[in-house]
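A quick write-up on the structure given underneath.
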Amino acid sequence: MATHSNKPRPMVALQTMTTYDYIIVGAGSAGCVLANRLSADPAVKVCLLEAGPVDSSPFIRMPIGIIAMMMSKVMNWRYFTEPQKNLNNRRLFWPRGKTLGGSSSSNAMVYTRGHAWDYDHWAALGNAGWSYAQVLPLFRRAENHERGADAFHGVGGPLNVAPLRSPNLLTGVYVKAAVQAGFVENKDFNGANQEGVSPYEVTQKNGERWSVARAYLHPVLKRPNLTVITEARTTKVLLDGKRARGVAYIKGGKTVEIAATQEVILSGGAINSPQLLMLSGIGPVNELQKHGIAVQHALPGVGQNLQDHLDLMVVHKCTKPVSLGVSPTTLLAQVKHLFNYIFNRKGALTTNGAEGGGFVKSDASQTIPDLQFHFAAVHLEDHARNLKSALSTMFGHGYTLHVCDLRPKSRGYIGLKSADPAADALIEPNYLSHPDDMKTMVKGVKVARSVLAAQAFDAYRGVEMFPGRHVQTDAQIEAFVREKAATIYHPVGTCKMGHDAMAVVDDTLKVHGMQGLRVVDASIMPTLVGGNTNAPTVMIAEKASSMILASRSVERVVAMQAGVLHAHEVQDSIPA
Ligand SMILES: Cc1cc2nc3c(=O)[nH]c(=O)nc-3n(C[C@H](O)[C@H](O)[C@H](O)COP(=O)(O)OP(=O)(O)OC[C@H]3O[C@@H](n4cnc5c(N)ncnc54)[C@H](O)[C@@H]3O)c2cc1C
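332 is the number of the first residue of the sequence shown in the working numbering; add one for each residue after it.
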């Protein structure tokens, strides 16, 4: 077990370590953006540390490989929550990516940003610079939208956003059915208006997954000033009083310490970033003391404010062999799909699984959509997380409409199970601890059923597998929720940005009360956005890198005024 003491370290020891300007912990959606943007200046030395292996697996590139990524024990942290008392004491499966690209290397590739209201709300909470109007240019800068640029979309950015290449027939049926059920069609959830239904757009290019690693990291791997170290799990932030001076990581069984002259940036995601802060002695005093960790900096909000999208599935058998599942009648077609993928990068293997999208209101009193749909032309079972559930998902024909509560009021937390950095963090989402959340879920099931009952599905509708026709009253639906609800993989909020006593970072993402330490990943969201969380995390990292580069420029101007730097050197460092 690695030591967890974090005594103030003498500078002389740090001077003997390998030194970088910036150390980024975690090569996920946020970490890859930072590594690219910060190392764009050849004078800046950047180190990116990733606990998982390189992302060379073909299952990452091939969209349908998401099933293999769910099962992977190497490229997936495969977390489980604490037993959920409002979900019949079930421990919920929480997959998270563990490779270059992080969760963007194993996610469902859906590209949505949330609602403009979400960002205006962050700004209204006191976070200057985070209103929708202020973050929209960053979404656009990140994006290469294949449909072209407009007021809401960018071209030329690293993150490719594309329409589905070969959507399943049932995805079109779903859109028709939703319109028949009274919802509007909306071809751009990220445009002027989020509300409505349509096929999703995806982070793919030429039929392959376009993870954030492929978008931002691969093109810059040869930069001499960027060092990427994989299979290196950071165990602690090294502190010198209230200043982060470097990190310790374990690689190949050996502990290595490296130093940062400027900043340590934590991008380990909503579970691992708060865990690492606590292991380093930064967090709620009680939690640290419980595990014998010396308190370096009391910060009560670390790990708190956990929010996630809880999801339910309404699942039908399909009476025709048109869904993505495999059956004797479709075996030949499956072989064709394989060749179509190999030679053209088209066909069923390019599916992201959740092809059909929707943002709808659970009732007329809502001012913005409070429910999200993910339609999958397959009868999904238990995340396809092991061989048994993967096989029952893949074989036979069916379709699934997921529905989730976009702005849950329940709050959980990330704690420690142990001071051992190799141990998983304690995950307590506290699902449905706020009574309004159950009410929204029950309404969600009814709304999803109304879509699947519409005429467009008449030619395909088999028996309702879940909840099943015997589930009709609110009490029965509630029981179904407790028995079957699961995550749709969007934990955030555990190092929240803000200025209240429970905030962990300020609105420049610097850890309150510390120097040289930022958190940049999904954990900084004060409230969960009403949509998927990959694009928002990329935006957060784009904004963080702009802020960091801008502060470097200011420092350089000061240095120039002091005669240390010349004007052209200052000019070179000013970000576009
Ligand atoms: C199965 C699944 C499906 C999803 N589907 C979608 C979707 O379709 N659309 C969407 O928008 N969002 C989706 N998401 C969510 C989205 O991908 C995440 O919100 C986003 O990737 C989070 O980015 P992040 O940078 O905060 O963390 P991550 O991308 O998870 O990156 C964290 C990285 O840090 C590394 N790390 C952690 N701890 C350490 C340590 N101590 N030392 C070194 N490295 C460390 C991890 O291995 C990982 O690579 C999905 C997520 C999952 C898991």
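Where a beta carbon is used, it is the ideal one built from N, C-alpha and C, also for glycine. Because the structure is a prediction, the values reported are computed rather than measured.
Practice prompt. Could you spell out where the alpha helix (DSSP H) holding Gln620 opens and where it closes?
Written response: DSSP places Gln620 inside the alpha helix (DSSP H), whose first and last residues are Val616 to Lys621.
Fill in: Nonlocal neighbours in the same chain, by C-beta distance under 8 Å from Gly729, ignoring five residues either side
Val646, His647, Lys648, Cys649, Ser654, Gly656, Val709, His710, Gly793 and Met796
Worksheet item: Helix, strand or coil: how does DSSP classify Tyr820 here?
Response: Residue state for Tyr820 is assigned as coil, using DSSP reduced to three classes.
Discussion item. Does Thr698 pass the burial test, meaning 16 or more other C-beta atoms within 10 Å, or should it be called exposed?
Written reply: exposed
Discussion item. For a quick check, are the C-beta atoms of Lys667 and Arg496 less than 9 Å apart?
Written reply: no
Worksheet item: What three-state label does DSSP hand Val812 in the structure shown?
Response: helix
Worksheet item: How about Val776 and Leu643: are their beta carbons less than 9 Å apart?
Response: yes
Worksheet item: Cβ of Ala685 within 8 Å of any heavy atom in ligand 1?
Response: yes
Discussion item. Just to confirm, is the Cβ distance from Tyr531 to Gly428 under 9 Å?
Written reply: no
Item to complete: Starting from the N-terminal side, write out each stretch of the beta strand (DSSP E) that is 3 residues or longer and does not extend beyond the stretch 607-687.
Response: 641-649
Fill in: Beta-bridge pairing of Glu594 - partner residues as DSSP gives them
Tyr353
Worksheet entry | Sufficient close CB pairs (3 or more, under 8 Å) joining the stretch 383-398 to the stretch 434-445 | yes
Worksheet item: Buried or exposed: where does Pro341 fall if 16 or more other Cβ atoms within 10 Å of its Cβ makes it buried?
Response: Bear in mind that the predicted position of Pro341 carries a pLDDT of just 44, short of 50, making it too unreliable to give a figure here.
Item to complete: On the DSSP bridge assignment, give the partners of Glu539 in chain order.
Response: Lys536
Worksheet item: Is Val773 helix, strand or coil by DSSP?
Response: helix
Fill in: CA nearest to the CA of Gly844, picked from His452, Gly632 and Ile602
Gly632
Discussion item. Comparing C-alpha positions only, which one of Tyr351, Cys363 and Val835 sits nearest to Arg576?
Written reply: Tyr351
Worksheet entry | Proximity to Ala816 [Cα-Cα], best of Val860, Val734, Lys740 and Gln786 | Val734
Discussion item. Less than 6 Å between C-beta atoms, sequence neighbours within five positions excluded: which residues of the same chain meet that for Lys874?
Written reply: Leu469
Fill in: Met402: first and last residue of the uninterrupted alpha helix (DSSP H) it sits in
Segment Ile397 to Met402, the alpha helix (DSSP H) holding Met402.
Fill in: Inter-stretch contact (C-beta, 8 Å, three-pair minimum) for the stretch 576-589 and the stretch 615-625
no
Fill in: Coarse secondary structure for Gln807, derived from DSSP in three states
Here Gln807 carries a helix assignment [DSSP, helix/strand/coil].
Practice prompt. Excluding the 5 residues preceding and the 5 following Asp903 in the sequence, name in chain order all residues of the same chain whose CB lies nearer than 7 Å to its CB.
Written response: In this prediction, Asp903 scores a pLDDT of 43, lower than 50, which makes its location untrustworthy; no coordinate-derived value is stated.
Worksheet item: Would DSSP call Tyr463 helix, strand or coil?
Response: helix
Item to complete: Report the rounded CA-to-CA distance for His899 versus Glu886, giving the unit in angstroms.
Response: For His899, the predicted structure reports a pLDDT of 49, less than 50, and the residue's modelled location is therefore unreliable. A value from the coordinates is still provided. Their Cα atoms are separated by approximately 14 Å.
Discussion item. Rounding to the nearest angstrom, what Cα-Cα distance links Gly861 and Met348 in this structure?
Written reply: Spanning the two alpha carbons is a distance of roughly 44 Å.
Fill in: Closer than 8 Å: Leu552 CB and nearest ligand 1 heavy atom
no
Worksheet item: Taking buried to mean at least 16 other C-beta atoms within 10 Å of its own C-beta, is Lys404 buried or exposed?
Response: exposed
Practice prompt. May I ask you to report which of helix, strand or coil DSSP gives Glu413?
Written response: coil
Item to complete: Note the first and the last residue of the continuous beta strand (DSSP E) segment covering Phe797.
Response: Arg792 to Phe797
Worksheet item: When we look at the beta-carbon of Ile673 and count the other beta-carbons within 10 Å, is it buried (16 or more) or exposed?
Response: exposed
Item to complete: Put Ile699 into one of helix, strand or coil per three-state DSSP.
Response: coil
Worksheet item: Looking at the structure shown, is Gln786 part of a helix, part of a strand, or coil, going by DSSP?
Response: helix
Worksheet item: From Ala832 to Gly457, what does the alpha carbon distance come to, in whole angstroms?
Response: 13 Å
Worksheet entry | contact_flag[the stretch 521-539, the stretch 475-484] where n(CB pairs < 8 Å) is 3 or more | yes
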